[in-house]
Amino acid sequence: MNIFHALRLLFAVSSAVLLSGTAPGADIVLPPPDKKGGKPLMQVLKERHSTRSFANKPIPLEILSSLLWAAQGVNRDDPDYRTAPSSRNSNEIEIYVVLPEGAYLYKPETHQLAQVVQGDLRAATGTQEFVASAPLNLVYVVDQSKQPGDFDTKRKLVTACTGVGFIGENVYLFCTSAGIGTVFRAMLDADYLQQQLKLPIFKKVLYAQSVGYPPHS
5 MNIFHALRLL FAVSSAVLLS GTAPGADIVL PPPDKKGGKP LMQVLKERHS TRSFANKPIP
65 LEILSSLLWA AQGVNRDDPD YRTAPSSRNS NEIEIYVVLP EGAYLYKPET HQLAQVVQGD
125 LRAATGTQEF VASAPLNLVY VVDQSKQPGD FDTKRKLVTA CTGVGFIGEN VYLFCTSAGI
185 GTVFRAMLDA DYLQQQLKLP IFKKVLYAQS VGYPPHS
């Protein structure tokens, strides 16, 4: 390989680097979340709103780290205890992080992203046009194998959706505090998205949430 071919290869790899600085095909070790600062809670509640238009601006890895911790991160010594409650502490809700370069499963216990699919799946996360250009889409999935065995089908669905609601609101509050836009979404093809994420049959897609900087930010 001559120097020109080597430089072309290096440029190709560099161009494919994640917004986080991690090469495609790799898991992402998130930096520690920033657990201090932010706007006062009452101000955040006053300013909270949905955003459906986003700037062409990636979410920095440091912000993504804090956002995911706020959503469902471990906040006590026991890794089963999170920033969002769950029925019987089963933690059956999983967050799939869909970025332009691939989809990842957030692992709260280790605060890492495990890649599940390479490639841009953003358009698959919803039926509205803006989801394809949002820099970040969160997909909320219930792992039914973690739900209490004595719950009937209706109770399992209700508790799972409630769990997603807690997580989604955490994301809203963090984004508002950080000056980021977000919108919680039910308009998606759950079966198609489940196939694209290569989820096993006992994992079901429930909702999604788009995140990005507001236009002209």
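Heads up: the sequence shown begins at 5 in the working numbering, then just goes up one per residue.
All C-beta atoms, glycine included, are put in the ideal place defined by N, C-alpha and C.
Predicted model only: the values in this text are computed from it and were never measured.
### Query
Considering only the beta carbon of each residue, do residue 201 and residue 85 sit closer than 7 angstroms?
No, these two residues do not count as a Cβ contact at 7 angstroms.
### Task
Can you tell me which of 114, 56 and 63 puts its alpha carbon nearest to the alpha carbon of residue 36?
114
### Query
So, helix, strand or coil for residue 97, using DSSP?
strand
### Query
Since residue 59 and residue 218 are thought to touch, with beta carbons under 8 angstroms apart, how far apart are those beta carbons, to the nearest angstrom?
6 angstroms
### Query
Are the stretch 119-130 and the stretch 161-170 in contact at 8 angstroms, needing three or more beta carbon pairs?
Verdict: no, contact absent.
### Query
What distance in whole Å lies between the Cβ atoms of residue 147 and residue 206, which are believed to be in contact at a cut-off of 8 angstroms?
7 angstroms
### Query
If you pair each beta-carbon of the stretch 175-189 with each one of the stretch 53-68, do three or more pairs fall below 8 angstroms?
yes
### Query
First and last residue of the alpha helix (DSSP H) that includes residue 157?
157-182
### Task
Please state if the CB of residue 171 and the CB of residue 117 are separated by a distance shorter than 7 angstroms.
no
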